[in-house]
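Trainee: Here it is, the structure in full.
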Amino acid sequence: MKILVTGGAGYIGSHTCVELLNAGYDIVVLDNLYNSSEKCLDAVKELTGRDFPFYKVDMLDKDAMEQVFKENEIDSVIHFAGLKAVGESTKIPITYYHNNITGTLHLLQLMEKYGVNNIVFSSSATVYGMPKTVPITEDFPLSTTNPYGSTKLFIEQILKDAQAANNKLSVTLLRYFNPIGANKSGKMGEDPKGIPNNLLPYVAQVAVGKLEKVHVFGSDYPTPDGTGVRDYIHVVDLALGHLKALEKKSNVPGVHIYNLGTGNGYSVLQIIAAFSKACGKEIPYQIDGRRPGDIAECYADPTKARDELGWTAERDIDEMCEDSWRWQSTHPNGFEG
Ligand code: NAD
Ligand code: WQD
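Numbering follows full-length UniProt numbering, with no gaps: position 316 of the sequence shown is 316.
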């Protein structure tokens, strides 16, 4: 079975490529390398001992993308490619809508033309907006609080509409919670450009001495220690969720929706403590005001993925931090360093 992985050079995409190759799938990777490095794909090849075609292609260039479909017999697509920075999306919303939505429309047009009827899409817990309660189940009301989140919600709707018009199409929407961690080898991991937006890479860069201290956004939330609570999930568990989705839902027409989270919430201070344990250093931090748009608590009810896909996240918070640290400490400047 040949899988087209869009955004396969990125953080989650590359970890999924490793698991796909190890499980015996053939893959084709498409990425414009806007937020990633080709060296990451070298690591994927080294770790798996397998080769695969890579197309440095922008999804906005439909003709270039068509070459990928012409030259490869694709059975399924896992669609990771997209811009993902929440704050940036409020500043350049048109760019976000154009990149994420137009890119997806091109992909769907080509899938239709070449008779590819399986797609797994990287959605996000962001589509639950400001949930009234936790844990979150897949049937919670959907809304968004920023343009990035809106691209995810709109693409979900586009995929639902495409499926309604094509009864052969299998659409799986995977709503990720907060992916962290890295491949055990320490040879690949998250490599954000510039100052990280997300907590874990920020903490990791403080630990390695690139940043001075963690800014904790708010300590007055209605949570046990007052700091925000999230469902951090190991990127390898997340990657394996994609394999389960392919295994169970390929060629099962319909729209299949799953939360990929652990079901456990950890606060910012708990994450700092867990990372400190993993790296054996104190992590300096200061309490700042709340970040606009943040919610107090967000964690998944992952029961549906367990029952229908046979998938459960297995790696705990200590392992997530240890694996992140192995990558960060050996690659303080990421792939290009
Ligand atoms: P990432 O930025 O590391 O990977 C995305 C990849 O897509 C990058 O390699 C980038 O170069 C590529 N890309 C972007 N626009 C493209 C285009 N027009 N054409 C070709 N390639 C393009 O991000 P990630 O963390 O691996 O996220 C993967 C997917 O999962 C994204 O869709 C993201 O929105 C979604 N997601 C991520 C998180 C998270 O916290 N990391 C959470 C929920 C959902
Ligand atoms: C986690 C917690 C912050 C940074 C975002 C997107 C979401 C999804 C995952 C893509 C919060 C606190 C953070 C820092 C801090 N991405 N924090 N200091 O906001 O849960 O989710 O990434 O789909 O859509 O919104 O993740 O890692 O930014 O924040 O105190 O420097 O850490 O307030 O409580 P978030 P995050």
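The beta-carbon is built from N, C-alpha and C at its ideal position, and this holds for glycine as well.
1. Run through the segment 260-322 for me and flag every whole alpha helix (DSSP H) of 4 or more residues, listed as ranges in chain order.
2. What did DSSP end up calling residue 170 once you bin it into helix, strand or coil?
3. Which word fits residue 65, buried or exposed, when buried means at least 16 other C-beta atoms lie within 10 angstroms of its C-beta?
4. If I measure Cβ to Cβ from residue 102 and keep anything under 7 Å in the same chain, skipping five residues before and after, which residues do I get?
5. From which residue to which residue does the alpha helix (DSSP H) around residue 250 run?
6. Taking the beta carbon of residue 190 as the centre, do at least 16 other beta carbons fall within 10 Å, making it buried, or is it exposed?
7. Can we count residue 228 as close to the ligand NAD, meaning its CB is less than 7 Å from some heavy atom?
8. Please state whether the Cβ-Cβ distance between residue 168 and residue 284 is less than 8 Å.
9. Which residues mark the beginning and the end of the beta strand (DSSP E) in which residue 27 is found?
10. For the beta strand (DSSP E) containing residue 178, list its first residue and its last residue.
11. Output needed for residue 90: all residues of its chain with C-beta closer than 7 Å, excluding positions within five of it in sequence on either side, in chain order.
12. Would you mind sorting residue 251 into buried or exposed? The rule is 16 or more other CB atoms within 10 Å of its CB.
13. So what does residue 16 bridge to, in DSSP terms?
14. Going by the CB atoms, is the gap between residue 173 and residue 244 shorter than 8 Å?
15. Which residues bound the beta strand (DSSP E) around residue 106?
16. Buried or exposed: residue 292, going by 16 or more other Cβ atoms within 10 Å of its Cβ?
17. Smallest Cα separation from residue 192: which of 260, 67, 49, 12?
18. From the DSSP output, read off the bridge partner residues of residue 119.
Mentor: In this structure, then:
1. 268-279
2. strand
3. buried
4. 60
5. Element bounds for residue 250: n/a, residue is neither H nor E.
6. buried
7. no
8. no
9. 26-31
10. 178-180
11. 146, 147
12. exposed
13. DSSP lists no partner for residue 16.
14. no
15. No beta strand (DSSP E) contains residue 106, which is instead part of the alpha helix (DSSP H) from 103-113.
16. exposed
17. 12
18. 77, 171
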